[in-house]
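**Student:** Got a structure for you, questions after.
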Amino acid sequence: MTEKPRLTREQIAQRAAQELHDGAYVNLGWGIPNLIADYLPKALTVYFHSENGILGMGRRAKPGEEDFDLVDAMKVPVTLIPGASIFHQADAHLMTRGGHLDIAVLGGFQVSEKGDLANWKIPGSKGSGGIGGAMDIASGSKKLIVCMEHNTKEGAPKIVKACNYPLTGLECVDTIVTDLAVIDVTPEGLVLRETAPGWSPDEVQARSEAKLIVRNHVPEMKLAPNSH
Amino acid sequence: MTEKPRLTREQIAQRAAQELHDGAYVNLGWGIPNLIADYLPKALTVYFHSENGILGMGRRAKPGEEDFDLVDAMKVPVTLIPGASIFHQADAHLMTRGGHLDIAVLGGFQVSEKGDLANWKIPGSKGSGGIGGAMDIASGSKKLIVCMEHNTKEGAPKIVKACNYPLTGLECVDTIVTDLAVIDVTPEGLVLRETAPGWSPDEVQARSEAKLIVRNHVPEMKLAPNSH
Amino acid sequence: MPASYLFELRFCRWSGTILGNIISVMPERRMKQKIVNSLDAAIADIPDGARIMFGGFGGAGFPNNLIQALSRKGVKNITAISNNCGTREGELGVMFKNGQVKHVICSFPGPHANYFQERFAKGEVTCELVPQGILCERMRTAATGLLGFYTTVGVGTDVAIGKEERVLEGKRCILELPIHADYALIKAQKADELGNLTYRLAARNFNPIMAQAAKFTIVEVEEIVPVGSMSPEDVVTPAIFVHRIMQAKGMRFAG
Amino acid sequence: MPASYLFELRFCRWSGTILGNIISVMPERRMKQKIVNSLDAAIADIPDGARIMFGGFGGAGFPNNLIQALSRKGVKNITAISNNCGTREGELGVMFKNGQVKHVICSFPGPHANYFQERFAKGEVTCELVPQGILCERMRTAATGLLGFYTTVGVGTDVAIGKEERVLEGKRCILELPIHADYALIKAQKADELGNLTYRLAARNFNPIMAQAAKFTIVEVEEIVPVGSMSPEDVVTPAIFVHRIMQAKGMRFAG
């Protein structure tokens, strides 16, 4: 089945960037979340946290500017903004786990209707797998946003009733931004807040396993004018 | 009963100072232990720890030299030696509790034959009492020395079968230095290592409630030539 | 458009230039919001019944000016978490003198905490004594989002009364629970305008731990410096833990 | 004789003068004993079967020179505690390539840990995956003499399998136990001759925690500076946690 265009990974990041607020302390995970820094609304000042012990990361280092003692959690050489601070990894995770970060954004394989997250291991995959900081981040952030495609490459829904992938955390997700929708996890269940341009709530529901609650009119996402 | 002269508080400190070894990291508690710094053998370099976050305390500040941001655990303005470091109170007690200090010296009200220590509250005393750092220090130091008078002012033994004062720690004391004796706590019980000049093992035993084990000849303490 | 170019656009708005790997930007919007201009304003929203951590040890690093303001405001029924209970009317003493504290969690009230002891004797203040290092760890446990820890400290003593005991690694240990607080009042030497802090010598003591542990941290400092004038490696308390800053000349009660 | 006079006598022997409140003394005896002159000497006494923590994260702060020496020495059956498992032959990679590690406790082996994955697939290496912050806390728990802690992290996941679960503060949590080690191999920027350490930027990462947690800490540094040339407030790892120091030019495997 040929489908309508979905959001690109960059556009998912662009939409997720709108969830950040001025002055927020923010951790961005691997994958789509890491693209968010490129799409911050200009009016925002956000302080980026890295779990290897940095608060106040700036942009990536340009060629020739790299300092390999100053890398982010993805090993990419970065810069610092004025007011940055450096600390050890235990203090870095004191911040994640202790509820000090305003917003964390992680990638995801599956999110359940209760907000359970699976994002570290595909069942049956070879090798050891790896957890990294995701479980600490998932457990403690004031607000956890998951950015992911709405469906697997094979078309299977990633918004599920219950995760059957290895879990990262229970009932930890607050908001899901996919290439089809923005969805909030509420005590009543998953609430469909926005759909991708050109997609109806019914079409999004059809590509989800979990029930999506539709309240009144569901608007389409607005991407910023400097869209890619 | 008029008794023979016992060691002064300063002489107890002087004898206890001989228990320190070169290069040791050492915490000195309130009271007699705090006098030990004055009696270090000249050949020793010892690094003094203070539980408010100092390693490498030097001598007390002289008049006019005081900096009230640089005080020891007794609130006395001190100095630093080169190579000193400053840290917060949690790291200071990471050192005490985590077994990083080579030697700690505390005052005592009672020590039992198993090495239990009571040093923070006299039964029936008015007021709240106060624990301070003593319980952390007692729990974690590689070697714990207690300095105290052998008997109360009323003549009651402070080396007891079991403490009836509120406890500071169980089976934590390694060595006791009193105004009558040096005693080691061993798995077999309390071993009398030395007596004060002019005192016999029997006389020391008579002033102790707990049984003191006497192995072979028990020498008299030697105080350093610069004795007070 | 490559990522670095987008960043550059964003920073150029703040006339950004690169200094080594620190990009010089001036995010004006946020950095002044934590700074207040009076001691009374600094503590104005602290309500009766609040749980408050107070930094300081041995006469050093006490937020004396904030404590004086809190005393003036006349808040009542405070639960105070502090190593000690003041020296006469100094440090926390004034809060006990005025009968503003109902419960204190401390390690060592101190030989000059006469106002505390008077109230304690009358039953007007209750007191939980905690070993000093365990006090630090219980606060740090709250700071780091953990729910409790096992320790050998206090086993077999009055401190263990009512606490769960078990054996781990062959050692008797007790369960200690986190100490949470609504506010921390702390003292630092310098703050930058974002709230990064440094401390002077042994005035550091409990202050960095309390800043991490409380929900809302108010700091009095000797000096406020511009953002970017503190080396990132020298920051002791990162700005994320600091919510309000007041520059105050150091009032000291050495006891 | 007053106490201060006795102190002065002691310090005068080291030609002590007062600089502010730092007394300039030169305790020659101890300060050189931690410094060794070769990488092989630095790790010479590490036996087969040792439990070793290795600092470093994201290509920064790895004790690469010490790891290379350990690999040359050919120790076997090592239990490695490290955030990752090397990048190809770099960082810890060489230890897996040579089959020197039997068990690893880590959070994220990493996309280029091919030698680890090969051994793991063959069952020659076992692996305990630990959430990264919990890895830090379990090491810090060992460092600080505590016996375990409760956390919500990992509840309901593979990480919780076999662990005690209970409810505290209304939250499901699991018991995590300390991670002890015989040695830590770490990387710092500067050491003074006593072993006080500072780190450069994000090369700090796990190094200070591991220095505290292991029984014996061996550090490679870029630079050794005289005692007294480091400000006491700037020391990140106090000398008490450092047992052996080797100056080594920085070998880097950025992966």
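Residue numbers (the numbering used here), protein chains in the order written: chain Y, 9 to 236; chain H, 9 to 236; chain R, 624 to 878; chain X, 624 to 878. Ideal placement from N, C-alpha and C gives every residue a C-beta, glycine not left out.
Going along the chain, which residues of its own chain have a beta-carbon closer than 7 Å to the beta-carbon of H/L52, five neighbours each way excluded?
**Tutor:** Here the set comprises L28 and D30.
**Student:** Select from the segment 768-781 of chain R all residues with a C-beta closer than 9 Å to any C-beta belonging to chain X, and list them in chain order.
**Tutor:** Flagged, chain order: G768, L769, L770, G771, F772, Y773, T774, T775 and V776.
**Student:** Are Y/I139 and X/Q870 closer than 9 Å when you measure CB to CB?
**Tutor:** Contact flag unset, no.
**Student:** Measure the C-alpha to C-alpha separation of X/A862 and Y/V193 and round it to an integer number of angstroms.
**Tutor:** Whole-angstrom Cα-Cα distance: 49 Å.
**Student:** With distance defined between alpha-carbon atoms, name the residue in Y/G106, Y/K129 and Y/A142 nearest to Y/V113.
**Tutor:** Considering only alpha carbons, the answer is Y/A142.
**Student:** Is the beta carbon of X/R827 closer than 9 Å to that of Y/F95?
**Tutor:** Yes, they are a contact pair.
**Student:** By how many angstroms is the C-alpha of R/R763 removed from the C-alpha of Y/G39?
**Tutor:** Cα to Cα, Y/G39 sits roughly 32 Å from R/R763.
**Student:** Which residue comes first and which comes last in the beta strand (DSSP E) that contains R/E846?
**Tutor:** It spans A837 to V848 - the beta strand (DSSP E) in which R/E846 sits, taken as one unbroken run.
**Student:** For X/D668 and chain C, any beta-carbon pair shorter than 9 Å?
**Tutor:** Going by chain labels, chain C is absent from the structure shown, which instead holds the protein chains Y, H, R and X.
**Student:** How far does the beta strand (DSSP E) with X/I757 in it reach, from first residue to last?
**Tutor:** Run containing X/I757: none in the beta strand (DSSP E); it sits in the alpha helix (DSSP H), Q755 to A766.
**Student:** Quick check on H/D182 - is its C-beta less than 9 Å from some C-beta in chain X?
**Tutor:** No, no contact with chain X.
**Student:** Can you tell me whether Y/I89 is helix, strand or coil according to DSSP?
**Tutor:** Three-state result, Y/I89: strand.
**Student:** What are the uninterrupted segments assigned as beta strand (DSSP E) that are 3 or more residues long and contained completely in the segment 178-202 of chain Y, given in chain order?
**Tutor:** Complete beta strand (DSSP E) runs here, min 3: 183-185 and 189-194.
**Student:** Please say whether H/E217 and H/I184 have beta carbons closer to each other than 9 Å?
**Tutor:** For H/I184 and H/E217, no; Cβs fall outside 9 Å.
**Student:** With distances taken from CA atoms, which of Y/E228, Y/T104, Y/L198 and Y/V54 is nearest Y/G148?
**Tutor:** Taking only the C-alpha atoms, the option nearest Y/G148 is Y/T104.
**Student:** Compare the C-alpha of X/G779 against each of X/G818, X/P849, X/Y822 and X/K794 and name the closest.
**Tutor:** Of X/G818, X/P849, X/Y822 and X/K794, the residue nearest in Cα terms is X/K794.
**Student:** Please state whether DSSP places Y/P165 in a helix, a strand or coil.
**Tutor:** Three-state result, Y/P165: strand.
**Student:** Kindly indicate if chain Y contains any beta-carbon less than 9 Å away from that of R/Q835.
**Tutor:** Yes - at least one Cβ of chain Y is within 9 Å of the one on R/Q835.
**Student:** Please name the residue, chosen from H/E162, H/I89, H/F76 and H/A21, that lies closest to X/M568 on a Cα-to-Cα basis.
**Tutor:** Summary: the structure shown does not reach residue 568 of chain X, with chain X confined to residues 624 through 878, and so no result is reported for it.
**Student:** In chain order, what residues of the segment 95-116 of chain Y put their CB closer than 7 Å to some CB of chain R?
**Tutor:** Hits within the stretch, in order: F95, L102, M103, R105, G106, G107 and H108.
**Student:** Sort H/G163, H/K161, H/I191 and H/Y173 by Cα distance to H/C155 and report the nearest one.
**Tutor:** Closest by alpha carbon: H/I191.
**Student:** According to the Cβ coordinates, are R/N737 and R/G713 closer than 9 Å?
**Tutor:** Contact flag unset, no.
**Student:** Check whether the segment 728-735 of chain R touches the segment 720-740 of chain X, taking contact to mean three or more Cβ pairs, one atom from each stretch, closer than 8 Å.
**Tutor:** The answer is no - the segment 720-740 of chain X does not touch the segment 728-735 of chain R, with fewer than three Cβ pairs under 8 Å.
**Student:** Take H/H225 as the anchor and find which of H/L200, H/V181 and H/L231 has the nearest alpha-carbon.
**Tutor:** Minimum Cα distance to H/H225 is reached at H/L200.
**Student:** Identify which residue in R/A664, R/G746, R/C796 and R/C759 has its Cα closest to the Cα of R/N706.
**Tutor:** Among R/A664, R/G746, R/C796 and R/C759, the Cα nearest to that of R/N706 is on R/C759.
**Student:** Under DSSP, the alpha helix (DSSP H) around X/F743 begins and ends at which residues?
**Tutor:** It spans N737 to A744 - the alpha helix (DSSP H) in which X/F743 sits, taken as one unbroken run.
**Student:** Could you tell me how far apart the beta carbons of Y/L252 and Y/R17 are, in whole angstroms, since I believe they sit closer than 8 Å?
**Tutor:** Limits of chain Y in this structure are 9 at one end and 236 at the other, which puts residue 252 of chain Y out of reach.
**Student:** Out of Y/K12, Y/K50 and Y/L63, point me to the one whose CA is closest to R/V859's CA.
**Tutor:** Measuring from the Cα of R/V859, the nearest candidate turns out to be Y/L63.
**Student:** Give the straight-line distance between the Cα atoms of H/K150 and H/H108, rounded to the nearest whole angstrom.
**Tutor:** Those two C-alpha atoms are separated by around 7 Å.
**Student:** Pop quiz: X/M833 and X/I809 are said to be a contact at Cβ under 8 Å. What is the actual Cβ separation, rounded to whole angstroms?
**Tutor:** Between X/I809 and X/M833 the Cβ distance is about 6 Å, and since that is below 8 Å, they are a contact.
**Student:** To the nearest angstrom, how far is the alpha carbon of R/K696 from that of R/F839?
**Tutor:** Their Cα atoms are separated by approximately 18 Å.
**Student:** Can you find the residues in the same chain that come closer than 7 Å, C-beta to C-beta, to H/L231, ignoring five residues on each side of it along the sequence?
**Tutor:** Contacts found: Q19, Q22 and R23.
**Student:** In chain order, what residues of the same chain have a beta carbon less than 6 Å from the beta carbon of H/L15, not counting five sequence neighbours either side?
**Tutor:** The answer, listed in chain order, is D187 and A204.
**Student:** Just to confirm my understanding: we take Y/V84, look at its own chain, exclude 5 residues before and 5 after, and list those with CB closer than 7 Å. What are they?
**Tutor:** Here the set comprises R68.
**Student:** Can you check which of these residues, X/A807, X/K813, X/K657 and X/A783, is closest to X/L800 by C-alpha distance?
**Tutor:** Taking only the C-alpha atoms, the option nearest X/L800 is X/A783.
**Student:** Considering only the beta carbon of each residue, do R/D805 and R/V850 sit closer than 9 Å?
**Tutor:** Not a contact, by the Cβ cut-off of 9 Å.
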